[in-house]
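Working notes for the structure below.
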Ligand code: NAP
Ligand code: ZN
Ligand code: ZN
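Put into structure tokens, the structure is as follows:
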């Protein structure tokens, strides 16, 4: 064990403060990473504030958009060397035996993936749970560590580890590409990555936003069309036009108004994870054979595929750099939809 510095909350209403804790020394297949940057995901906020079923273990150190450099490797590590540029996303292990793990879909592990934070950690015994990337170091099994392409800026690449893969995976699964009309709901961390990725895949992208002032940015990110969802006439004009919608909204919202944008056989994929149930009218589905689906991050192989795709297309996030004393303020700004378009924490300078 070694002592690691991080930033934690002690309760759902607490503010972040410095916190020292123990991390395990590398096991034979572990990589010890010095964290340089960590993105701030809305899921961090849901967890820190205990908004999700399942509950939060305190003290809680969130953070699952992690990039850094390898500083130590276990004796049997074969995929990484000291000095490598690496990333860690939302999971640090899975059972590796169930049918989903065997298909490379560790994110859908039937025994439950081990989340990068707030999950019991089988590597260190069930009484200990995982602490995330709002910290200086992290020790992770090499099978759950990713290579960051050399041409990508490390800080701006951090959000790819969650916002990137969470949108890349459903775009691929539901066939985004040339000839497909893809809508993205919510221009935040996930939404801005969805627009960039769908445009790079060759799809015709529509941004659906509540924020009129984000229209020029949406166009710069790659959206051909911008629909202001509060404008009933604009929503009506776009009705029945989209093949696929990636819905990234973090709060309770009315699904019917978005579902009616889908054409025959269109699918709305919910990746945003509000704590309250979402309602929709069944007739909105049955009269156009529409589907509502969900998707959670992506498997490790697909995450590396996404990073390599971003390397080839030179895609990273648009970030606003903060220091650890700015986490609470960043959370408040996220709640006001005032994020352009991902906060990233400078851990090296912390
Ligand atoms: P974010 O940066 O806060 O972006 C959310 C965006 O949603 C806002 O910027 C806003 O965009 C829009 N929005 C907010 N409230 C709304 C409302 N009431 N009605 C309509 N639109 C609204 O959050 P994020 O980090 O992208 O995360 C989004 C959600 O995805 C969170 O719930 C998070 O937990 C979840 N998530 C899921 C996965 C997964 O694997 N499924 C992975 C990561 C995150 P506009 O200003 O453009 O309207
Ligand atoms: Zn996330
Ligand atoms: Zn499994």
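Numbering (the numbering used here), first residue to last: 135 to 484.
Cβ atoms here follow ideal geometry from the backbone N, Cα and C, with glycine treated the same way.
Are residue i and residue j close, meaning C-beta to C-beta below 8 Å?
i	j	result
residue 406	residue 390	no
residue 374	residue 397	yes
residue 266	residue 250	yes
residue 470	residue 454	no
residue 242	residue 255	no
residue 168	residue 214	no
residue 292	residue 201	yes
residue 481	residue 174	no
residue 272	residue 222	yes
residue 441	residue 331	no
residue 195	residue 141	yes
residue 378	residue 426	no
residue 431	residue 296	yes
residue 445	residue 286	yes
residue 352	residue 319	no
residue 393	residue 340	no
residue 274	residue 226	yes
residue 323	residue 180	no
residue 152	residue 207	no
residue 419	residue 387	no
residue 336	residue 298	no
residue 344	residue 364	yes
residue 308	residue 403	yes
Taking the alpha carbon of residue i as the point to measure from, which residue in the options has its own alpha carbon closest?
i	options	result
residue 354	368, 176, 326	326
residue 347	178, 210, 394, 472	472
residue 211	189, 383, 165	165
residue 171	279, 331, 269	269
residue 157	150, 139, 225	139
residue 184	240, 153, 163, 252	252
residue 435	151, 181, 191, 279	279
residue 357	342, 459, 188	342
residue 409	146, 147, 187	187
residue 189	145, 363, 467, 335	145
residue 229	244, 218, 237	244
residue 423	395, 437, 483, 359	395
residue 154	193, 148, 147	193
residue 443	333, 452, 384	333
Using a threshold of 7 Å, is the CB atom of residue i nearer than that to any non-hydrogen atom of ligand 1?
i	result
residue 175	yes
residue 345	yes
residue 180	yes
residue 296	yes
residue 473	yes
residue 411	no
residue 415	no
residue 468	yes
residue 354	no
residue 387	yes
residue 162	no
residue 143	no
residue 431	yes
residue 248	no
residue 300	yes
residue 408	yes
Return the bridge partner residues of residue i from the DSSP annotation.
i	result
residue 272	167
residue 315	338
residue 137	156
residue 404	381, 428
residue 206	166
residue 454	477
residue 343	362
residue 225	249
residue 173	478
residue 219	203
residue 194	143
residue 396	376
residue 349	Paired residues: none, contrary to the question.
Return yes when at least one heavy atom of ligand 2 lies under 7 Å from the C-beta of residue i, else no.
i	result
residue 359	no
residue 198	yes
residue 224	yes
Considering only heavy atoms of ligand 3, does any lie closer than 7 Å to the CB of residue i?
i	result
residue 229	yes
residue 93	Missing from the structure shown is residue 93; the chain here goes from 135 to 484 and no further.
residue 244	yes
Given 7 Å as the limit, tell me if residue i has its C-beta closer than that to any heavy atom belonging to ligand 4.
i	result
residue 366	Looking at this structure, you won't find ligand 4 anywhere; what it does contain is ligand 1, ligand 2 and ligand 3.
Inside the region 233-282 only - alpha helix (DSSP H) runs reaching at least 4 residues: 233-236
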